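Colleague:
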Amino acid sequence: MASIGHPLLGDDVYSNAVSPYKLQGQTLHARVLGFIHPRTNQYIEFEAPLPEYFSHLLDILR
Numbered sequence: 006m007a008s009i010g011h012p013l014l015g016d017d018v019y020s021n022a023v024s025p026y027k028l029q030g031q032t033l034h035a036r037v038l039g040f041i042h043p044r045t046n047q048y049i050e051f052e053a054p055l056p057e058y059f060s061h062l063l064d065i066l067r
């Protein structure tokens, strides 16, 4: 993301900006990921809620 001018908040490797927020990781999350399994050819989907620190950050930024 940094290479296209959109660094991720909390990315210590590719972002040179210091975050004013106490983060526990990068602010990048996929709520749902799906793909066709390479062996079974069946579509598989996984869902994950936002981590608490991420939800809290969104509340602050709103």
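In case it helps, our numbering puts the sequence shown at residues 6 to 67. Here a beta-carbon is modelled for each residue, glycine too, at the ideal position from N, C-alpha and C. All of these numbers come straight from a predicted model, not from anything done at the bench.
#1: Pull up the distance between the alpha-carbon of Ile9 and that of Tyr48, whole angstroms please.
#2: Leu63: buried (16+ other C-beta within 10 angstroms of its C-beta) or exposed?
#3: Please work out which residues of its chain come closer than 8 Å, Cβ to Cβ, to Ser20, disregarding the five sequence neighbours upstream and downstream, and give them in chain order.
#4: Which class does Leu55 belong to by DSSP, given the choice of helix, strand or coil?
#5: Taking the alpha-carbon of Glu50 as reference, which of Val18, Val37 and Pro56 has the nearest alpha-carbon?
#6: Quick one: grab the DSSP three-state call for Leu38.
Modeller: Looking at the coordinates:
#1: 31 Å
#2: exposed
#3: Ala7, Pro12, Leu13 and Leu14
#4: coil
#5: Val37
#6: strand
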